[in-house]
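Here's the structure we're looking at; comments come further down.
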Amino acid sequence: MTPPPRTATLFHDVRPFGGPARDLVAVDGLLVDGVPEGAVVERVDGGGRLALPTLVDAHIHPDKTSWGEPWHSRGPAHGIAEYVAGDVELARALPTPVAERALRLMTHAATQGTRAMRAHADVAPAYGLSGIEGVAEAARKLAGIVDVELVAFPQHGVVRTPGVAGLLAEAAASGLVTHIGGIDPAGFDADGGHGADGDQLGTVFGLAEKHGLGLDIHLHDRGEQGLAPLRDIAARTRALGLQGRVSVAHAFAVAGLSGAELDETADLLAEAGVALTTVALSVTTILPFRRLAERGVTVGLGSDGVRDSWSPFGNADMLHRAWLAAWALDARLDEELEGCFRLAADGGAELLGLERADLRPGSPADFMLVDGECLPQAVVDLPRRDLVVRAGRVVARDGRLV
Numbered sequence: 000m001t002p003p004p005r006t007a008t009l010f011h012d013v014r015p016f017g018g019p020a021r022d023l024v025a026v027d028g029l030l031v032d033g034v035p036e037g038a039v040v041e042r043v044d045g046g047g048r049l050a051l052p053t054l055v056d057a058h059i060h061p062d063k064t065s066w067g068e069p070w071h072s073r074g075p076a077h078g079i080a081e082y083v084a085g086d087v088e089l090a091r092a093l094p095t096p097v098a099e100r101a102l103r104l105m106t107h108a109a110t111q112g113t114r115a116m117r118a119h120a121d122v123a124p125a126y127g128l129s130g131i132e133g134v135a136e137a138a139r140k141l142a143g144i145v146d147v148e149l150v151a152f153p154q155h156g157v158v159r160t161p162g163v164a165g166l167l168a169e170a171a172a173s174g175l176v177t178h179i180g181g182i183d184p185a186g187f188d189a190d191g192g193h194g195a196d197g198d199q200l201g202t203v204f205g206l207a208e209k210h211g212l213g214l215d216i217h218l219h220d221r222g223e224q225g226l227a228p229l230r231d232i233a234a235r236t237r238a239l240g241l242q243g244r245v246s247v248a249h250a251f252a253v254a255g256l257s258g259a260e261l262d263e264t265a266d267l268l269a270e271a272g273v274a275l276t277t278v279a280l281s282v283t284t285i286l287p288f289r290r291l292a293e294r295g296v297t298v299g300l301g302s303d304g305v306r307d308s309w310s311p312f313g314n315a316d317m318l319h320r321a322w323l324a325a326w327a328l329d330a331r332l333d334e335e336l337e338g339c340f341r342l343a344a345d346g347g348a349e350l351l352g353l354e355r356a357d358l359r360p361g362s363p364a365d366f367m368l369v370d371g372e373c374l375p376q377a378v379v380d381l382p383r384r385d386l387v388v389r390a391g392r393v394v395a396r397d398g399r400l401v
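The numbers in numbering that gives the first Met the number 0 rise by one with no breaks, and the one at position 115 of the sequence shown is 114.
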């Protein structure tokens, strides 16, 4: 029996990275040199638009979002414990289930050009595993549009909040998560060196090793209080052979380093295979990602919370997040603006173990079409995502899934 002819999608008249207009051809989810002989061709007119890779959100909290919900007025908060209390208050006030809110936000992210994300969902007695289950349900509905890694995140602490360790163990065994999280073991969740029952890092590394999961640990602590756990994480990663499967989010202590101290820390992380994520909150907290990358450290960019109890801001638009990174760094040069885009595209892809979508033959056919002259201008102007392509298939037009 003669096999059916292959299908090729030809995106006509597009300008990759602002270069000369040409065609991009996608077959079986990859870009190819040309239309294969005998293939059935589906043609999409690009209208001379700029073609850019789609992006990766390396750190987002879809379970916490009030995106699309009635306005929530936030009260003052000082320190993580008060923000955590605000999380619980907001969760109880919102009328919409986690799965629906998460799907709404993650769908919006896809229409803005996000092809993959690492999503954190809180695991605590206040929620049980409802956050994990809700985000997992949303991820299933977006299969083939957005790749989702899911982190069981102990926002309330492992040591300070009874019951969290047991819930993390349930999440690890559930088959729903790809990573176990952690948070500030020396500050917010200080264990005081009390052994296995009071050792956050021992608990989360043990679960990761037992269930074959990755680790993604929030470190907000600055100075030595943040650097000491970072060194501990690197040592545990090496000892358990988890290189390439451990990352640290925020790492504000690293953002405060410079010179030889920064290079020494970068070399330690690179040798241990520990990656970092930054969310471009401010000039004092954004990681020096270009220097870290030069020393071999993988760094990704993320949205963090989106319109949650911590902040009314956020929009899950990774092109806008690249803009925020450029603003925080006072970027002026084209290469600096492009570096912020690459952080969201290539850094995030490496962090999640994905192939780079560099618009070359053999790369994933994952790209977006926008009006504009060049990549640096797109970072500054934030043009509308006219068309978003995933694995060679148009998944969104003009801000809506198709």
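Beta carbons are placed, not taken as given, at the ideal position from N, Cα and C, and that holds for glycine.
Counted as a single uninterrupted DSSP element, the alpha helix (DSSP H) harbouring ASP333 occupies residues 333-341. In the three-state scheme derived from DSSP, where H, G and I count as helix and E and B as strand, GLU41 is classed as strand. Around the Cβ of ARG341, a 10 Å sphere holds 16 or more other Cβ atoms; the residue is buried.
In the structure shown, the three-state DSSP call for GLY213 is strand. According to the DSSP assignment, HIS249 belongs to no alpha helix (DSSP H) but to the beta strand (DSSP E) extending over 245-249. In this structure VAL278 touches GLY301 by the C-beta definition: roughly 5 angstroms separates them, less than 8 angstroms. The criterion of a C-beta distance shorter than 9 angstroms is not satisfied by ALA364 and VAL394. Within a 10 Å sphere around the beta-carbon of SER308 sit 16 or more other beta-carbons, which makes this residue buried. Residue ILE182 holds the alpha-carbon nearest to the alpha-carbon of ALA151 among GLY17, ILE182, GLY143. Closest in C-alpha terms to VAL298, from the list TRP66, HIS58, ASP32, VAL26, comes HIS58.
Contact between the region 169-181 and the region 88-104 is absent: fewer than three C-beta pairs spanning the two stretches fall below 8 angstroms.
Judged by their CB atoms, LEU350 and VAL13 are not nearer to each other than the 9 angstroms cut-off. With contacts defined by Cβ atoms closer than 9 angstroms, VAL163 and VAL122 form a contacting pair.
Segment contact: the region 322-341 against the region 130-139, fewer than three CB-CB distances shorter than 8 angstroms; contact not assigned.
The beta carbon of LEU374 is closer than 7 angstroms to those of PHE16, GLY17, LEU51, GLU337, PHE340 in its chain, skipping five residues each way along the sequence. Per DSSP, reduced to three states, the secondary structure at ALA321 is helical.
A distance below 9 angstroms separates the beta carbons of ALA252 and GLU223. Under DSSP, VAL13 forms a beta bridge with ARG21, ARG48.
With a beta-carbon spacing of about 14 angstroms, ILE216 and VAL176 fall beyond the 8 angstroms limit used to define contacts.
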